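Residue numbers (the working numbering): 57 to 212.
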């Protein structure tokens, strides 16, 4: 069961800065022969843990949910799992955007959507890049985000 307090925890697994540092240090191994095996093992473990944790988020406040997603986004970046990194980044952006009506501090700017679209495009995930671009266009047309000037030039 997921425990919610200053850190997020699932049974004996803690989702906090200490866990993130441990993950980073474990991948700084000097023995390059075992690094691919370790990286793949960590990817699989993170995928499993993220699925378990995300399925238990039904009645948890949005701030904790976003903190958990942020943890996994960073963890997937560390282990170079680009697909999982992009999927959870997208889910977090959508969740922030959908909750921004009642929590204005969660509003996702055109810049954030465009950065995500560029990262997805650069990594070969064209359909999700296109969806993020559509969100950027919607925001720039619908909300008149002045900070989006020049961002869409490369996409038109």
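We treat Cβ as the ideally placed atom computed from N, Cα and C, and that holds for glycine. Bear in mind the structure is a predicted one, so any value in this text is a computation, not a measurement.
The alpha carbon of residue 140 has as its nearest neighbour, out of 88, 81, 183 and 125, the alpha carbon of 125. Within the stretch 89-120, the complete alpha helix (DSSP H) runs of at least 4 residues fall at 91-111.
A direct Cα-to-Cα measurement between residue 102 and residue 132 gives close to 7 angstroms. Exposure of residue 89 is indicated by the presence of fewer than 16 other C-beta atoms within 10 angstroms of its C-beta. Secondary structure note for residue 144: its alpha helix (DSSP H) is the uninterrupted segment 138-155.
Residue 130 holds the alpha-carbon nearest to the alpha-carbon of residue 74 among 153, 130 and 120. The straight-line gap separating the alpha-carbon atoms of residue 189 and residue 156 is approximately 19 angstroms. For residue 125, the three-state secondary structure derived from DSSP is helix. Between residue 93 and residue 81, the alpha-carbon positions lie close to 15 angstroms from each other.
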